[in-house]
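Going letter by letter, the sequence shown gives residues 821 to 1251 in my numbering. For reference, the structure is listed below as structure tokens.
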Amino acid sequence: MPWLLNLAYLLGLVLLSPYLLWRGVRTGRYLGSFWSRFLGRVPAGVPTGAVWFHGVSVGEVHLLRQVIAAFRQRYPHLPVVVTSTTDTGLSEARKAFADLPVFVFPLDFSWSVRRVLASLQPAMVVLAEGELWPNLLLACRSREVPVAIINARMSPRSFSRYRTLGPISRWLLNLPECWLVQHETFALSLTTLSVPPERVQVTGSVNFDGATGDRQNPRTQALRELFGIEPGEFVWAVGSTQPPEEEVALRIWQGLRERGQSVRLILVPRQKERFDEVARLLESSDVSFARRSTMKAGDEPADVILVDTIGELGAVWGLADLAFVGGSLDGVRGGQNMIEPAAYGSVVLFGPHVWNFRTIASSLIDAGGAIQIRDEAELAEVVTRLIASKSERSNLGLAARQFVRQQQGATARTIELLGRLLPVTVQNEAA
């Protein structure tokens, strides 16, 4: 099996190499670390016998923060290493885990993953949210290294694709020893796809535990001061956006301003490659805006702020009276995480396409803590109504905050279940 996978991967690399090279030169992504990924290089000094945690990008790295902190508290003598796939994920991981070894995740060639496993000799591999690489899973199984998928979820689209693959999906999904899933619906999806029920545990979503909802936190307060947001100013934050969501939000905001509404707009695109694109949109719209990356203390406050930095969206949500969660209007992305703005008590809005967070979105709506809109016209209508109705905003925000608090506790359940996969000697040490 590994040689078939290697052949498929190599063929894919050859076919896609012109595009990958063009994109790498254009964006600077991946080129610097390609050979480390391809050959499975591990930095010198990385300890053996560690628990290997992996988060593919920024979102997964963020959820690992509280998991790894709790794991290290429970098992203080057990070394931990962290990997990520994307450049932005690596950057965030190095900031979040400054005292831990952090390095790039290998490409899923048999020689790459075997070399990493030979170097690490890990006690366990923990993958965040369900990124499955067959050569890695096969190599872990051959070495008797347990693999756990934590905070796992499965969108309807993913379920449909796995079901179409039939025996291949059953083989792949049964390679991990343990699936720790966010909700009963995801557990049902896995068991329907022939994962044994004893391998699937419902822990809840770790994302809820990482959302404190403290608007006075230092990062939010620092942004409030930098942006010049005065007490009582109305802030509309539009985050994790994809095209055409920035353009939609800008048109609605301009309409509000024309009708005399005083609203500060904060735009946070999902990918850093789009920062310049959104800046050009703002320039062509002839609005007063500032880029977060060039702002200095004491600058004149801008009507619109473009957050062209990575890792600050969580703090931005803490400024928002009204929060639109992006990736939900275009029908491509499937929505982004709405837990953080809900925890702050912001009024949470999102579009019709939230299949990646379908369970959380529907539960939040049922709790009275969010509004789902169909299109730009409805978004404009709802935003206008909410700006005018402080009581409705207050009710929505309170319901959202209470909903998040009621869901917390997944991290402790995750750590308890991960501990059962560790070697008995390690469990005894921590007892």
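Quick reminder that beta carbons are idealized off the backbone N, C-alpha and C, glycines included.
Tell me whether residue i sits in a helix, a strand or coil according to DSSP, three-state version.
i	result
Ala1110	strand
Ala1143	strand
Leu1085	strand
Ile969	strand
Gly1075	helix
Ser877	coil
Leu1126	strand
Phe1054	strand
Ser853	helix
Trp872	strand
Val862	coil
Trp999	strand
Gly1154	coil
Ser978	helix
Gly1024	coil
Thr984	helix
Gly1030	coil
Ser1009	helix
Leu1149	coil
Gly1134	helix
Val887	helix
Using a Cβ-Cβ cut-off of 7 Å (strictly less than) and excluding sequence neighbours within five positions of residue i, which residues of its own chain qualify?
i	result
Leu910	Ser904, Val922, Val924
Ile1185	Gln1192
Val1098	Glu1066, Leu1087, Pro1089, Leu1126
Gly1189	Ala1162, Val1168, Leu1216, Ala1219, Ala1220, Phe1223
Glu1018	none
Arg1296	Examination of residue 1296 is not possible in this model, given that the chain is present from 821 through 1251 alone.
Thr1129	Arg1112, Ser1113
Val1022	Val1001, His1003, Glu1004, Ala1007
Gly1138	Arg1035, Asn1037, Thr1040, Tyr1164
Pro822	Ser930, Asn955, Leu958
Arg961	Leu995
Gln1081	Ile1207
Could you name the residues of the same chain whose beta carbon sits closer than 6 Å to that of residue i, not counting the 5 residues immediately before and after it, in chain order?
i	result
Arg1153	Gln1062, Gly1147
Ser932	Gly860, Pro926
Leu1085	Trp1056, Trp1073, Val1124
Ala1232	none
Arg973	Gln1002, Phe1006
Leu1199	Ile1193
Pro1064	none
Identify which residue in the options has its Cα closest to the Cα of residue i.
i	options	result
Gly1131	Glu1160, Pro1051, Leu993	Glu1160
Ser1104	Met1115, Asp1119, Arg1071	Arg1071
Phe1054	Pro863, Ala913, Gly1151, Val1124	Val1124
Leu1169	Gln941, Trp1056, Ile888, Leu1133	Trp1056
Val967	Glu997, Ile1207, Ser989, Ser975	Glu997
Glu1120	Glu1050, Ile988, Leu898	Glu1050
Gly1030	Ile1235, Lys1210, His882	His882
Gly1048	Ala1122, Ser1014, Val1015, Ser1166	Ala1122
Ala913	Ser1209, Ala972, Val878, Pro1243	Val878
Gly1033	Gly1134, Gln893, Asn1157, Leu831	Gly1134
Glu1078	Val1107, Lys1092, Pro1064, Gly1229	Val1107
Glu951	Pro838, Leu1043, Ser939, Ile969	Ile969
Asp1141	Leu1149, Asn1157, Ser1166, Met1158	Ser1166
Gln941	Lys1210, Arg857, Leu898	Leu898
Glu1201	Met1115, Gln1228, Gly1075	Gly1075
Glu880	Thr1011, Asn971, Leu835, Leu1199	Asn971
Ala1143	Arg1213, Ala1230, Gly832	Arg1213
Leu1243	Ala864, Gly869, Asn826	A quick correction: the sequence has Pro, not Leu, at residue 1243. For the residues Ala864, Gly869, Asn826, the minimum Cα distance to Pro1243 belongs to Gly869.
Arg1225	Phe1028, Val1083, Trp855, Ser1183	Phe1028
Phe1177	Pro987, Leu835, Ser975, Leu985	Ser975
On the premise that residue j lies in contact with residue i, defined as a C-beta separation below 8 Å, what is that separation, rounded to the nearest angstrom?
i	j	result
Val965	Gly1059	That pair is no contact at about 37 Å.
Asp907	Tyr829	Actually they do not touch by this definition, with Cβ atoms about 20 Å apart.
Arg1194	Pro1172	6 Å
Ala948	Leu884	6 Å
Val1256	Ala943	Any property of residue 1256 remains undetermined from this structure, which presents the chain solely from 821 to 1251.
Val901	Val866	6 Å
Arg1268	Ser1014	This structure leaves residue 1268 out entirely; the chain is present only between 821 and 1251.
Leu1043	Ala1117	That pair is no contact at about 12 Å.
Val1026	Thr1234	6 Å
Val1020	Thr1011	6 Å
Leu1238	Phe891	7 Å
Gly1151	Gly1024	So it is not a contact: roughly 28 Å between Cβ atoms.
Met1158	Ala1187	With 8 Å as the limit, Met1158 and Ala1187 do not qualify as a contact, their Cβ atoms being about 12 Å apart.
Can you list, in chain order, the residues of its chain with a C-beta nearer than 8 Å to that of residue i? Leave out the 5 residues immediately preceding and following it.
i	result
Arg977	Gly1154, Trp1175
Gly1052	none
Leu1101	Glu1066, Glu1067, Leu1070
Val862	Phe923, Arg935, Val936, Ser939, Leu940
Leu1241	Met944, Pro966, Ala968, Glu997, Cys998
Quick check on residue i - is its C-beta less than 9 Å from some C-beta in chain B?
i	result
Leu859	The chain labelled as chain B is not found in the depicted structure, where only one protein chain is given.
Looking at residue i and the ligand ATP, is the gap between the Cβ and the nearest heavy atom below 8 Å?
i	result
Leu1076	Ligands are entirely absent from the displayed structure, and the ligand ATP is therefore not among its contents.
Alpha helix (DSSP H) runs contained entirely in the stretch 1178-1243, provided each spans 4 or more residues: Contiguous alpha helix (DSSP H) elements confined to the stretch 1178-1243 occur at 1178-1186, 1196-1208, 1210-1226, 1230-1239, taking only those with 4 or more residues.
If you scan the stretch 891-955 from start to end, which runs of the beta strand (DSSP E) of 3 or more residues do you find wholly inside it? Annotation: the stretch 891-955 contains the following complete segments of the beta strand (DSSP E) (minimum length 3 residues), in chain order: 900-904, 922-924, 944-948.
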